[in-house]
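Asks: Under my numbering, think of the first position of the sequence shown as 56, with each following residue one higher. Please see the structure below; I have some questions.
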Amino acid sequence: RQLQYQNEARPKKLAIKEPTTEAMVKKAKDLRKHRQSLPIYSARDIIIKEVKENACVVIVGETGSGKTTQIPQYLLESGLAAHGTISVTQPRRVAAINLAKRVAEEVGTPIGQKVGYSIRFDDTSSKDSLIKYMTDGIMLRELLSDRLLLRYSVIILDEAHERTLRTDILFGMVKSIQKQRQEMIEKGRKDIQPLKIVIMSATLDAEKFSEYFYNAKIMYISGRQFPVKILNTIEPQPDYVDSALVTAFQIHQEEAPGDILIFLTGQEEIESLEKLIEEYAVDLPPSVGKLIPCPIFAAQDSATQQKIFEPAPPGTRKVILATNIAETSITIPNIRYVIDTGCHKSRGYNAKIGIESLLVEPVSKSSARQRMGRAGREAPGLCFRLYTEDSFDQLEEDAIPEIKRCNLESAILSLKATGIDNVTEFDFMDRPSKSGLLRSLEHLYALEALNDEGKLTEVGTKMAAFPVDPPYAKVLLQSEKMECTKEAIEIISLLSVDTIFSAPSSKREEANEARQKFTSLDGDHLTLLNTLRAYESVKGDRDWCRENFINSRHMRHVMDVRKQLIQFCERAGMDPKKSCGHDLEIVLKCFLAGFFQNTALLQPDGTYRSILGGLTISVHPSSSLFGKKREAIMYNELVFTTKHYIRGVSALESAWLSQAAPKYFGQRRA
Ligand code: ADP
Ligand code: MG
């Protein structure tokens with residue numbers, strides 16, 4: 056066994072030492088020229104001066120000007136890493152890896168020595184690393200063991216304009232850490248060094264960051280931007296992958312040399328378009344040069360990834376297939392043509408069940424402008440928008456910060472898990488309302504995630520590790536006790552999409568009839584489960600889906616979420632296969648442990664009234680309990696249109712209520 060371990064370990068070590076330092080130093084020399092040609096180079100001295108003289112600095116610079124790759128090196132060269140590592144946080148893993156590798160090359164040492172990166176399950180950094188690229192999630196995790204982040208002398212929060220929930224929480228945390236360290240120094244602690252904070256953003260609205268960081272100085276780095284002409288489609292495009300394909304070939308055959316960058320939403324799309332381009336490229340007339348697809352996504356080896364930065368062979372043209380990572384995180388040279396699908400996967404959050412998600416949504420205007428800008432870095436360019444001008448006008452100006460969209464309960468849980476108990480006093484950049492915070496705290500208490508003093512309980516600690524909203528996390532934890540984890544995972548996955556049923560208005564009758572087969576008298580949770588069982592028994596056959604009015608795309612998404620949830624349960628030490636068999640009443644009781652606040656009782660007049668708040672509510676017509684009268688019901692979602700409608704409804708016995716949440720119902724009676 057030991058031998059085997061050594062055999063495995065050895066090549067790894069060798070690989071780190073393998074590239075000779077000499078070769079790398081030569082390459083670094085070539086790279087020096089490139090470094091000096093970047094727009095940011097002329098601001099080098101002033102950047103160093105400002106960071107040395109100030110505790111916080113905000114740096115705004117156009118994408119590609121050299122912020123992420125150069126500023127950490129400038130600070131290193133000026134001696135700012137003498138008392139600790141310079142860290143650079145990134146919202147995306149691929150960007151962290153890619154940029155770290157590039158900077159290691161520029162510095163002239165193999166990755167993992169002077170320059171390293173750290174992302175989940177992959178840490179190349181060592182204690183000697185002077186510059187470390189990392190995801191914001193890893194930084195939050197490091198806070199658990201190093202509350203003052205003492206190993207860092209400078210923390211650069213990059214891509215601040217993205218306003219991810221994690222970066223937002225980091226803003227508040229590093230601000231407080233900087234203050235704490237300063238106070239300790241003033242008290243005479245010789246072993247503590249001050250912390251420098253640098254905020255970097257690609258968009259101009261930096262005043263807000265500056266105000267938050269004690270009116271920090273804002274430095275603007277001008278980039279190079281050539282004009283870019285925008286072309287919108289005349290008609291909306293139902294299949295943007297297909298439209299992107301057609302447009303790419305149109306550009307290739309009609310436009311001057313220069314590479315194409317296509318913005319897609321994820322790996323699956325990227326791979327399918329890559330295949331399509333390869334297929335169609337075969338039919339190009341011999342007079343036209345090759346069109347070479349270059350995908351970029353997370354699960355890809357670094358040689359393939361490096362290909363996107365290398366020039367296309369003469370006479371050929373590259374077409375880069377990327378997600379919004381190419382918007383501001385990574386700059387690819389020689390792009391003259393951008394094809395913008397207008398969509399992205401909204402990072403991190405599915406408001407339906409709060410799971411870290413993969414929802415495809417329209418981008419904001421400011422994203423669309425960033426995408427356009429990528430075409431004009433080296434020469435005038437063209438941007439093909441696969442949507443109409445009207446659709447552009449309807450886009451949101453800016454993406455809403457995640458902290459405003461996300462359920463606060465999960466943010467509170469992560470804060471508490473990092474040791475911040477007084478969350479109402481936490482220094483949020485965009486402060487959630489106090490009443491909202493209090494309501495969330497009360498709910499977490501009722502879910503038994505917090506104790507009487509508001510401290511995280513063991514249950515709460517476990518809940519914080521799940522990537523779903525706290526009520527769903529509670530259901531998962533409860534399912535272990537009730538031995539129905541398999542069913543709980545399945546139902547939560549099924550609830551992660553709008554609906555798995557399709558009901559075209561022309562065939563509503565038929566659709567309803569088809570659905571009868573799956574309907575459970577107990578309501579929607581078990582109806583969903585029945586449908587999943589049937590779907591699995593035919594192995595997800597698409598014809599079957601069509602005949603039974605099941606949305607097969609949504610169903611595949613459900614399976615994907617299920618896979619993720621299974622992994623999380625395994626990681627939490629649970630058995631995701633534990634099943635309650637036919638005793639499905641258990642599953643409903645299990646859900647009630649998370650959703651006791653979403654319950655309603657039948658009134659003598661035949662309406663339902665919610666137990667919390669006493670609202671009169673109506674069962675949504677799409678529910679299997681529509682028009683049925685049961686003594687008590689529970690629901691997952693309350694939607695307000697003309698009435699208060701509830702969705703995801705199941706019947707209960709009222710006696711279950713006090714068992715499900717003794718804290719909640721006990722209190723209310725007292
Ligand atoms: P910013 O952070 O201001 O957007 P960067 O520091 O990321 O700018 O990029 C500066 C330059 O370095 C860009 O011109 C980009 O093309 C180049 N660059 C970054 N990573 C690589 C890489 N892996 N290979 C080649 N060039 C790269
Ligand atoms: Mg950058």
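In this text, a Cβ means the ideal position worked out from N, Cα and C, and glycines have one as well.
Looking at isoleucine 283: is its Cβ nearer than 7 Å to the Cβ of glycine 436?
Replies: With the sequence shown as reference, residue 283 is identified as valine, and isoleucine is not the correct amino acid for it. Cβ atoms of valine 283 and glycine 436: closer than 7 Å.
Asks: What is the C-beta distance between valine 704 and serine 665, in whole angstroms, given that I count them as a contact (C-beta under 8 Å)?
Replies: Going by Cβ atoms, the distance from valine 704 to serine 665 rounds to 12 Å, so no, they are not a contact pair.
Asks: Do you know how far the Cα of aspartate 85 is from the Cα of methionine 427?
Replies: Near 30 Å, if we compare the C-alpha coordinates of aspartate 85 and methionine 427.
Asks: Which class does alanine 406 belong to by DSSP, given the choice of helix, strand or coil?
Replies: In this predicted model, alanine 406 has a pLDDT of only 49, less than 50, meaning its place in the structure is not dependable; the value taken from the coordinates is given anyway. Coil at alanine 406, not helix or strand.
Asks: Does the distance between the C-beta of threonine 123 and the nearest non-hydrogen atom of the ligand ZN fall short of 6 Å?
Replies: Questions concerning the ligand ZN fall outside what the structure shown contains, since the ligands it does hold are the ligand ADP and the ligand MG.
Asks: Should the region 271-280 be called in touch with the region 415-426, which here means at least 3 C-beta pairs below 8 Å?
Replies: Contact fails: fewer than three Cβ-Cβ distances are below 8 Å.
Asks: Report yes or no: do the region 538-554 and the region 615-626 share at least 3 C-beta pairs separated by less than 8 Å?
Replies: Yes, since at least three Cβ pairs between the region 538-554 and the region 615-626 fall closer than 8 Å, the two stretches touch.
Asks: Can you tell me whether alanine 716 is buried or exposed? The criterion is at least 16 other CB atoms within 10 Å of its CB, across all chains shown.
Replies: With 16 or more Cβ atoms within 10 Å of its Cβ, alanine 716 is classed as buried.
Asks: Across which residues does DSSP place cysteine 438 in a beta bridge pair?
Replies: Cysteine 438 is bridged to Ile285, Val393.
Asks: Just to confirm, does phenylalanine 364 get its C-beta within under 6 Å of one of the non-hydrogen atoms of the ligand ADP?
Replies: Yes; taking the cut-off as 6 Å, the Cβ of phenylalanine 364 has a heavy atom of the ligand ADP nearer than that.
Asks: State yes or no: is the C-beta of lysine 763 within less than 7 Å of the C-beta of leucine 657?
Replies: Residue coverage of the chain in this structure runs from 56 to 725, which leaves residue 763 outside it and unanswerable.
Asks: With distances taken between CB atoms, is the gap from histidine 399 to threonine 479 smaller than 7 Å?
Replies: It is not a contact, given that the beta carbons lie outside the stated cut-off.
Asks: Mind listing, in chain order, the continuous alpha helix (DSSP H) runs of no fewer than 4 residues lying wholly within the region 107-143?
Replies: The region 107-143 contains these whole alpha helix (DSSP H) runs: 122-132.
Asks: Just to confirm my understanding: we take serine 709, look at its own chain, exclude 5 residues before and 5 after, and list those with CB closer than 6 Å. What are they?
Replies: Counting only Cβ-Cβ distances below 6 Å, and skipping sequence neighbours, we find Glu686, Ala687.
Asks: Identify every residue that forms a DSSP beta bridge with aspartate 37.
Replies: Because the chain is modelled from 56 through 725, residue 37 falls outside the range shown and cannot be assessed.
Asks: Quick one: grab the DSSP three-state call for glutamate 411.
Replies: Because the pLDDT at glutamate 411 is just 44, under 50, the model does not fix this residue reliably, and the point stays unresolved.
Asks: In angstroms with no decimal places, state the Cα-to-Cα distance between lysine 718 and glycine 515.
Replies: Computed Cα separation, rounded: 15 Å.
Asks: With respect to the beta strand (DSSP E) encompassing phenylalanine 318, which residues constitute its N-terminal and C-terminal limits?
Replies: From DSSP, the beta strand (DSSP E) with phenylalanine 318 extends over 314-318.
Asks: State yes or no: is the C-beta of glycine 313 nearer than 6 Å to some heavy atom of the ligand ADP?
Replies: Checking every heavy atom of the ligand ADP against the Cβ of glycine 313, none is found closer than 6 Å.
Asks: Would you say the beta carbon of glycine 509 comes nearer than 6 Å to a heavy atom of the ligand ADP?
Replies: Checking every heavy atom of the ligand ADP against the Cβ of glycine 509, none is found closer than 6 Å.
Asks: Any heavy atom of the ligand ADP inside 6 Å of the beta-carbon of proline 388?
Replies: Within the cutoff, so yes.
Asks: For valine 704, which of helix, strand or coil comes out of DSSP?
Replies: Residue state, collapsed to three classes: strand.
Asks: Check whether the Cβ of serine 120 lies closer than 6 Å to any heavy atom of the ligand ADP, and answer yes or no.
Replies: True, at least one ligand heavy atom lies under 6 Å from that Cβ.
Asks: Could you tell me whether any non-hydrogen atom of the ligand ADP is closer than 6 Å to the CB of glycine 171?
Replies: Answer for glycine 171: no, Cβ out of range of the ligand ADP.
Asks: Could you give the DSSP three-state label for isoleucine 211: helix, strand or coil?
Replies: The answer is strand: DSSP assigns isoleucine 211 an E or B state.
Asks: What span of residues does the alpha helix (DSSP H) with methionine 255 cover, start to end?
Replies: That residue, methionine 255, is in no alpha helix (DSSP H); its beta strand (DSSP E) goes 251-256.
Asks: For glycine 116, is the beta carbon positioned less than 6 Å from some heavy atom of the ligand ADP?
Replies: Yes, the Cβ of glycine 116 comes within 6 Å of a heavy atom of the ligand ADP.
Asks: If contacts are defined as beta-carbon pairs under 8 Å, then threonine 396 and alanine 303 qualify, I think. What distance do you get, rounded to the angstrom?
Replies: Not quite, the Cβ-Cβ distance comes to about 12 Å (not below 8 Å), so this is no contact.
Asks: Tell me the rounded alpha-carbon separation between serine 92 and arginine 221.
Replies: Roughly 34 Å between the two C-alpha positions.
Asks: Could you check where the beta strand (DSSP E) with serine 713 kicks off and where it finishes?
Replies: From DSSP, serine 713 is part of no beta strand (DSSP E) but of the alpha helix (DSSP H) over 710-715.
Asks: With burial defined as no fewer than 16 other Cβ atoms inside 10 Å of the residue's Cβ, what is the status of asparagine 405: buried or exposed?
Replies: For asparagine 405, the pLDDT reaches just 49, beneath the cut-off of 50, and the residue's location in the model is therefore unreliable, although a value from the coordinates is still provided. Buried: at least 16 other Cβ atoms inside 10 Å.
Asks: Can we say the region 243-262 touches the region 288-295, given the rule of at least three CB pairs closer than 8 Å?
Replies: In short, these stretches do not touch, since the Cβ pair count stays below three.
Asks: Which term fits alanine 454, buried or exposed, when burial requires 16 or more other beta carbons within 10 angstroms of its beta carbon?
Replies: Buried: at least 16 other Cβ atoms inside 10 Å.
Asks: Can you look up asparagine 567 in the DSSP assignment and give me helix, strand or coil?
Replies: Residue state, collapsed to three classes: helix.
Asks: Sort His498, Glu451, Ala648 by Cα distance to valine 530 and report the nearest one.
Replies: For the residues His498, Glu451, Ala648, the minimum Cα distance to valine 530 belongs to Ala648.
Asks: Roughly how many angstroms separate the alpha carbons of leucine 331 and aspartate 338, rounded to a whole number?
Replies: Each residue's Cα considered, the two are about 12 Å apart.
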